[in-house]
Amino acid sequence: AQTVTQSQPEMSVQEAETVTLSCTYDTSESDYYLFWYKQPPSRQMILVIRQEAYKQQNATENRFSVNFQKAAKSFSLKISDSQLGDAAMYFCAYISKNKIIFGKGTRLHILP
Amino acid sequence: EAGVTQFPSHSVIEKGQTVTLRCDPISGHDNLYWYRRVMGKEIKFLLHFVKESKQDESGMPNNRFLAERTGGTYSTLKVQPAELEDSGVYFCASSQTGPVSPLHFGNGTRLTVT
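Listed in order, the protein sequences are those of chains B and H.
Just so we're aligned, residue 155 is where the first sequence starts under our numbering, counting upward by one.
Just so we're aligned, residue 6 is where the second sequence starts under our numbering, counting upward by one.
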């Protein structure tokens, strides 16, 4: 069975600094997608970034980038130049064959 | 465009009572998903509709949970009778072409069973 593990329940980072959230997954599938979702205190989850497993190039979206290591089944999220608005729960998600599996989430605190 | 809306935002009920949660997806989104997050745990998949049909309901915990999507528009999730362990936040999400297209989430319904 597929699993998604986020080993950091909480993290803190100083404003303007860089932080990396870790995510590992387990699967026997070769074709899948990985996502990072963000849930700010207002509760609505929004997509941060996505990565197709067949792509070797790491996805980037402005200050957000991923380090996708397919062999190691690792999918970490790097947030550069952290801003107060980045404070949220971050969920790593694995998707294959229409089934989505989320990790437990990492709560990110931004210190002013 | 209007986002995914869920109603109510909070519900507090007693054990044994019935609660119905509603989700209005984004217009035109055939795919609708229900998820649940119990405090401190991962978000668990409950079920997936494609239009009015249940594509996958493998995550439904037991037969106290009933989901419907009449006419392929809004969806309801009924819990009857509610138990203490049903407490959590119930999220609805919709997408155009399945989960590999971005999921649009509602704000969730926080259900507390006392």
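Cβ atoms here follow ideal geometry from the backbone N, Cα and C, with glycine treated the same way.
Could you tell me if residue i is buried or exposed, where buried requires 16 or more neighbouring beta carbons within 10 angstroms of its beta carbon?
i: glutamine 205 of chain B; result: buried
i: aspartate 240 of chain B; result: buried
i: valine 220 of chain B; result: buried
i: leucine 89 of chain H; result: exposed
i: lysine 192 of chain B; result: buried
i: valine 84 of chain H; result: buried
i: aspartate 91 of chain H; result: buried
i: glutamine 223 of chain B; result: exposed
i: leucine 238 of chain B; result: exposed
i: serine 250 of chain B; result: buried
i: tyrosine 208 of chain B; result: exposed
i: alanine 98 of chain H; result: buried
What does residue i touch in chain H if you count any residue whose Cβ is under 8 angstroms from its own?
i: asparagine 252 of chain B; result: His53, Gln60, Asp61, Gly103 and Pro104
i: leucine 201 of chain B; result: Pro107 and Leu108
Can you pull the chain B neighbours of residue i, defined as C-beta to C-beta under 8 angstroms?
i: asparagine 112 of chain H; result: Ser196, Arg197 and Gln198
i: leucine 89 of chain H; result: The premise fails here: leucine 89 of chain H is roughly 21 angstroms from chain B at the closest Cβ pair, so nothing lies under 8 angstroms.
Taking Cβ positions, are residue i and residue j nearer each other than 9 angstroms?
i: leucine 265 of chain B; j: leucine 231 of chain B; result: no
i: threonine 78 of chain H; j: alanine 72 of chain H; result: no
i: arginine 261 of chain B; j: methionine 243 of chain B; result: yes
i: lysine 20 of chain H; j: phenylalanine 256 of chain B; result: no
i: histidine 53 of chain H; j: asparagine 252 of chain B; result: yes
i: alanine 247 of chain B; j: leucine 188 of chain B; result: yes
i: valine 118 of chain H; j: alanine 87 of chain H; result: yes
i: isoleucine 31 of chain H; j: leucine 116 of chain H; result: no
i: isoleucine 233 of chain B; j: threonine 159 of chain B; result: no
i: isoleucine 203 of chain B; j: proline 194 of chain B; result: no
i: serine 236 of chain B; j: valine 167 of chain B; result: yes
Under the assumption that residue i contacts residue j (Cβ atoms under 8 angstroms), give the Cβ distance between them as a whole number of angstroms.
i: glutamine 11 of chain H; j: threonine 114 of chain H; result: 5 angstroms
i: threonine 157 of chain B; j: aspartate 185 of chain B; result: Rounded, the Cβ-Cβ distance is 18 angstroms, inconsistent with contact.
i: arginine 27 of chain H; j: glycine 93 of chain H; result: Rounded, the Cβ-Cβ distance is 17 angstroms, inconsistent with contact.
i: aspartate 35 of chain H; j: lysine 59 of chain H; result: About 13 angstroms; that fails the 8 angstroms criterion.
i: glycine 111 of chain H; j: valine 9 of chain H; result: 4 angstroms
Under 7 angstroms between beta-carbons, which chain H residues line up against residue i? List them in chain order, please.
i: lysine 258 of chain B; result: Lys46 and Glu47
i: tyrosine 179 of chain B; result: Within 7 angstroms Cβ-Cβ: nothing; tyrosine 179 of chain B doesn't reach chain H, min ~12 angstroms.
i: leucine 265 of chain B; result: Those within 7 angstroms of leucine 265 of chain B in chain H number zero; the least Cβ separation is about 23 angstroms.
i: tyrosine 187 of chain B; result: Val105
i: phenylalanine 245 of chain B; result: Ile48
Kindly list, in the order they appear in chain B, the residues whose Cβ is closer than 9 angstroms to that of residue i.
i: phenylalanine 50 of chain H; result: Lys253, Ile254, Ile255 and Phe256
Item to check | beta strand (DSSP E) runs contained entirely in the region 220-261 of chain B, provided each spans 3 or more residues | outcome: 228-233, 242-250 and 253-256, all fully within the region 220-261 of chain B.
Checklist entry - Where in the region 10-65 of chain H do unbroken runs of the beta strand (DSSP E), each at least 3 residues long, occur, reported from the N-terminal end onward? => result Counting only runs of 3 or more, we get 10-12, 15-18, 24-29, 36-42, 48-55 and 58-61.
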